[in-house]
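Colleague:
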Amino acid sequence: MNQKTIFARFIRPSLAWGVAILFFFPIFWMVFTSFKTDADAVKPEYLFLFTPTFENYVNMTENYDYWRFAVNSVITSVFATVLTLVVGVPAAYAMAFDPGRHTKDILVWMLSTKMLPAAAVLYPMTFLTKNFLGIFDTHFLIIIVLSLINLPIVIWMLFTYFKEIPKEIIEAGKMDGVNIWGEIKDIVLPLAWGGLASTALLCFIFCWNEAYWTVRLTTTEAATLSKLIEGNRAPEGLFFGRLSAVSTAAVGPIVVLGWFCQKQLVRGLTFGAVK
Amino acid sequence: MASVTLQGVRKSYADVGVIHDVNLEIDDGEFVVFVGPSGCGKSTLLRMIAGLEDITGGEISIGDTVVNEVAPSKRGVAMVFQTYALYPHMTVYNNMAFGLKQARLPEPDIDRRVRAAAEALHITEYLDRTPKALSGGQRQRVAIGRAIVREPEVFLFDEPLSNLDAALRVNTRLEIARLHQRLGATMIYVTHDQVEAMTLADKIVVLRDGRIEQVGSPIELYENPQNAFVAQFIGSPKMNFLPAETLAKDTLKALGVTARPGTMVGIRPEHFRTTAAAKALVSATLELVENLGEYALVHLLTEAGKEIIVKMDSPPKQAAGEVIHLTADKASLHRFDQDTGARIS
Ligand SMILES: Nc1ncnc2c1ncn2[C@@H]1O[C@H](COP(=O)(O)OP(=O)(O)OP(=O)(O)O)[C@@H](O)[C@H]1O
Ligand SMILES: [Mg+2]
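Each protein sequence line maps, in turn, to chains A and B.
Here the first sequence is numbered in this note's numbering, starting from 131 and rising by one per residue.
Here the second sequence is numbered in this note's numbering, starting from 2 and rising by one per residue.
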């Protein structure tokens, strides 16, 4: 057996499993712990052997208003995704099919905004929204903020997908007399459908998982699941069972969604390189 | 049906000019072919007529209308792209019907036109397939069908055969010729294949670096090229060019041809014939023979070191390294200025 086959047959799979377990273990542990009582969760003797309980979940829905946070997460993520696409599709369309001299610069500039530390604008954002605009802790604010955060990456993704459409097909459409909306609706969107779905999915996931701003710009009204987790975090680590249950219930929906849309997700994350 | 007129047409990208002052008359129903080397601006010119490129200067008219500012779909033109550019997500039927739907034609009319075109192009059985499930040749037919159903006054083709294999190319070429006969529409066809140009065209437009070098019927360009560029572009294999000094003076005199120094004499490979040493216009050493059965291409090297190609009905008796004596008729000697390339008549 030569070097290559040893590598291919034993070492590579072992490495793959190793990495997979490394990534999966914390999630497993979170779910596992969510079935322990807070008291059991910190006792070493109950590390693996314990009496499973749904107490945390019951508690969460009855006393901590899980459903309100969940509904807020759904509302803000869905509307933010829709808004991002409504702005992003025409923007990416224009850049892909009618580029100007500075289109490339604009794209790079948009991405560079992602490199700005969010903390740098924390104070102005809080001040503006709370004292000036009076939209602190509203769905409206969270939807706008989530859209703005994701717009650069969404435009980039859509731009690369639109770029894949041959120019001649668009020109054939022009010869056939299709107007700009018809062009988007009948030609561009059907051809970029897979890419669009991947983009929307990824945008939705990013919105759902966003924590920095949703935690800081809400109190109760528009608070999302990120806020719920944050609220159950005790620095002394006394409520691990409860925290784990809340976390599990927060990431659960998105994991299920991701599971069913694995293909689109991979496509989206690799910018269509894997087909 | 319509004529197409180009007056002082110019095109530049940023500050770089790619089409310079093109003037051209295309008659109603004429089949015009644009030829020229890669990058000479054939596609750009065609796309300007189509309305896919802005016109930097000059005027383009279709029929009696100046179309500079008219949208592509309103110009009465239809285009067949080199890459076919079919809509991948639509069936063949919808590919052809799409433009008619945009024009809001009544459904029965659309159906009648699409089916008639499909019938004529033998693609009826593929109407429900998407382009993915078609061969290159079938896709090309659909692309042509999409142009036909719109019943345009002017058809525009941009190298429509270049993605097809040799056999299919000949077939499709014939079909386009038949289409032109049947419809009698004006057709403008871009190619860099001079065989396509010679066989299809009523009128050939030879372009170089964004300028028209010569316009004429295929036979005019073949017999009377106005300059060395056109001479070597039309005809295959290319015309041979020999500096006048390297030709036998006595033979030139006997033929009644005056060729001052600084003149190039062009002779097509098919116009050479072998002769006795005393009557030779040029003598050359045999290097290589390509025997194609119906004729042979003979590669030779003149005493002055110029390579020439001669087309013969059968391979010569001489072996490689032996000398062959060649001459030609006076009518088939084309004289060009060595510096400008212009024809001397
Ligand atoms: N968008 C553009 N920007 C700048 N220059 C361009 C652009 N499109 C074409 N050109 C230039 O215009 C010239 C003519 O191009 P065109 O495509 O018309 O050539 P062509 O004769 O069709 O060549 P080919 O036989 O290779 O298709 C070329 O030199 C090309 O580089
Ligand atoms: Mg071209």
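Where is the CB? At the ideal position from N, CA and C, for every residue including glycine.
At the level of alpha carbons, what is the spacing between residue 405 (chain A) and residue 399 (chain A)?
Modeller: Sequence index remark: in the first sequence, residue 405 (chain A) carries index 275 (1-based). Sequence index remark: in the first sequence, residue 399 (chain A) carries index 269 (1-based). Note that residue 405 (chain A) has pLDDT 42, beneath the 50 cutoff, so the model's placement of it is unreliable and the number below is only indicative. So the alpha carbons of these two residues sit roughly 12 Å apart.
Colleague: Using a Cβ-Cβ cut-off of 7 Å, state whether residue 80 (chain B) counts as contacting chain A.
Modeller: Translated into positions along the second sequence, residue 80 (chain B) becomes position 79. Yes, its Cβ sits closer than 7 Å to a Cβ of chain A.
Colleague: According to the Cβ coordinates, are residue 309 (chain B) and residue 241 (chain B) closer than 7 Å?
Modeller: Position 308 of the second sequence, counting from 1, holds the residue named residue 309 (chain B). Position 240 of the second sequence, counting from 1, holds the residue named residue 241 (chain B). In this structure, residue 241 (chain B) lies closer than 7 Å to residue 309 (chain B) by Cβ.
Colleague: Check each candidate in B:172, B:186, B:213 and name the one with the smallest Cα separation from residue 197 (chain B).
Modeller: Locating residue 197 (chain B) in the second sequence gives position 196, counting from the first residue. Cα-wise, what sits closest to residue 197 (chain B) is B:172.
Colleague: Say whether chain B places a C-beta atom closer than 7 Å to the C-beta of residue 306 (chain A).
Modeller: For this step, residue 306 (chain A) is matched to residue 176 along the first sequence. It does: the Cβ of residue 306 (chain A) has a partner Cβ on chain B nearer than 7 Å.
Colleague: Can you name the residues of chain B whose CB is closer than 7 Å to the CB of residue 298 (chain A)?
Modeller: Reading the first sequence from its first residue, position 168 is the one you call residue 298 (chain A). Near residue 298 (chain A) (Cβ distances below 7 Å), the residues of chain B are 82, 84, 86.
Colleague: For a test of your reading of the model: does the CB of residue 52 (chain B) fall under 6 Å from any non-hydrogen atom of ligand 1? Yes or no.
Modeller: For this step, residue 52 (chain B) is matched to residue 51 along the second sequence. The nearest non-hydrogen atom of ligand 1 is 6 Å or more from the C-beta of residue 52 (chain B).
Colleague: Please confirm if residue 302 (chain A) has its CB atom under 7 Å from at least one CB of chain B.
Modeller: One-based indexing of the first sequence puts residue 302 (chain A) at position 172. Yes, residue 302 (chain A) counts as interfacial toward chain B.
Colleague: Going by the beta-carbon positions, is the gap between residue 128 (chain B) and residue 93 (chain B) smaller than 7 Å?
Modeller: Residue 128 (chain B) sits at position 127 when you count from the first residue of the second sequence. Residue 93 (chain B) sits at position 92 when you count from the first residue of the second sequence. The answer is yes: Cβ separation under 7 Å.
Colleague: List the endpoints of the continuous alpha helix (DSSP H) containing residue 146 (chain A).
Modeller: On the first sequence, position 16 is the one that residue 146 (chain A) refers to. Start and end: 142 to 163.
Colleague: Determine the contact status of residue 276 (chain A) and residue 340 (chain A), defining contact as a CB-CB distance below 7 Å.
Modeller: Along the first sequence, one-based indexing puts residue 276 (chain A) at 146. Along the first sequence, one-based indexing puts residue 340 (chain A) at 210. Taking 7 Å as the Cβ cut-off, residue 276 (chain A) and residue 340 (chain A) qualify as a contacting pair.
Colleague: Could you check whether residue 187 (chain B) and residue 52 (chain B) sit closer than 7 Å to each other, using their CB atoms as the reference points?
Modeller: Taking the first residue of the second sequence as position 1, residue 52 (chain B) is located at position 51. Taking the first residue of the second sequence as position 1, residue 187 (chain B) is located at position 186. Going by beta carbons, residue 52 (chain B) and residue 187 (chain B) fall outside the 7 Å limit.
Colleague: Look at residue 1 (chain B) and residue 69 (chain B) and say whether their C-beta atoms are less than 7 Å apart.
Modeller: Nothing can be reported for residue 1 (chain B), as the shown portion of chain B is limited to 2 through 346.
Colleague: Is it buried or exposed for residue 225 (chain A), if we count other Cβ within 10 angstroms and need 16 for buried?
Modeller: By 1-based counting over the first sequence, the position of residue 225 (chain A) is 95. It counts as buried.
Colleague: Please report the distance separating the alpha-carbon of residue 346 (chain B) from that of residue 302 (chain B).
Modeller: By 1-based counting over the second sequence, the position of residue 346 (chain B) is 345. By 1-based counting over the second sequence, the position of residue 302 (chain B) is 301. Roughly 28 Å between the two C-alpha positions.
Colleague: Please confirm whether any heavy atom of ligand 4 lies closer than 6 Å to the CB of residue 390 (chain A).
Modeller: What this structure holds is ligand 1 and ligand 2, not ligand 4.
Colleague: State yes or no: is the C-beta of residue 43 (chain B) nearer than 6 Å to some heavy atom of ligand 1?
Modeller: Reading the second sequence from its first residue, position 42 is the one you call residue 43 (chain B). Yes - ligand 1 has a heavy atom lying nearer than 6 Å to the Cβ of residue 43 (chain B).
Colleague: So what's residue 1 (chain B) in DSSP terms, helix, strand or just coil?
Modeller: In the structure displayed, chain B extends from 2 to 346; residue 1 (chain B) sits before or after that span and is not available.
Colleague: On a Cα-Cα basis, can you pick out the residue from B:276, B:292, B:232 that is closest to residue 36 (chain B)?
Modeller: As a first step, residue 36 (chain B) is located in the second sequence; it is residue number 35 there, counting from the start. When only C-alpha atoms are compared, the closest one is B:232.
Colleague: With distance defined between alpha-carbon atoms, name the residue in A:279, A:370, A:206 nearest to residue 173 (chain A).
Modeller: Stepping through the first sequence from its first residue, residue 173 (chain A) is reached at position 43. The residue with the shortest Cα to Cα distance from residue 173 (chain A) is A:370.
Colleague: Count the other C-beta atoms from every protein chain shown that fall within 10 angstroms of the C-beta of residue 40 (chain B), then say buried if there are 16 or more, exposed otherwise.
Modeller: For the purposes of this step, residue 40 (chain B) is taken as residue 39 along the second sequence, with counting starting at 1. By the 10 Å Cβ count, residue 40 (chain B) comes out exposed.
Colleague: Listed from N- to C-terminal order along the chain, which residues in the segment 42 to 59 of chain B have their beta-carbon within a distance smaller than 9 Å of any beta-carbon of chain A?
Modeller: 48, 51, 52, 53
Colleague: Restricting to runs no shorter than 3 residues, where is the beta strand (DSSP E) found entirely within the segment 33 to 87 of chain B?
Modeller: Listed in chain order, the complete beta strand (DSSP E) runs (minimum 3 residues) inside the segment 33 to 87 of chain B are 58 to 63, 78 to 81.
Colleague: Spell out the partners DSSP gives residue 308 (chain B) in its beta bridges.
Modeller: By 1-based counting over the second sequence, the position of residue 308 (chain B) is 307. Paired residue(s): B:302.
Colleague: Let me make sure I understand the geometry here. Which of B:203, B:61, B:97 has the alpha-carbon closest to that of residue 33 (chain B)?
Modeller: As a first step, residue 33 (chain B) must be located in the second sequence, where it is residue number 32. Distance from the Cα of residue 33 (chain B) is smallest, within the candidate group B:203, B:61, B:97, for B:203.
Colleague: Give me the subset of the segment 311 to 331 of chain A whose CB atoms are less than 9 Å from a CB atom of chain B, sorted by chain position.
Modeller: 312, 316, 317, 320, 321, 323
Colleague: For residue 205 (chain B) versus residue 157 (chain B), is the C-beta spacing smaller than 7 Å?
Modeller: Within the second sequence, numbered from 1, the residue matching residue 205 (chain B) stands at position 204. Within the second sequence, numbered from 1, the residue matching residue 157 (chain B) stands at position 156. No.
Colleague: Starting from residue 204 (chain B), trace the beta strand (DSSP E) both ways and give me its first and last residue.
Modeller: Here residue 204 (chain B) refers to the residue found at position 203 of the second sequence. Annotation for residue 204 (chain B): the continuous beta strand (DSSP E) segment containing it runs 204 to 209.
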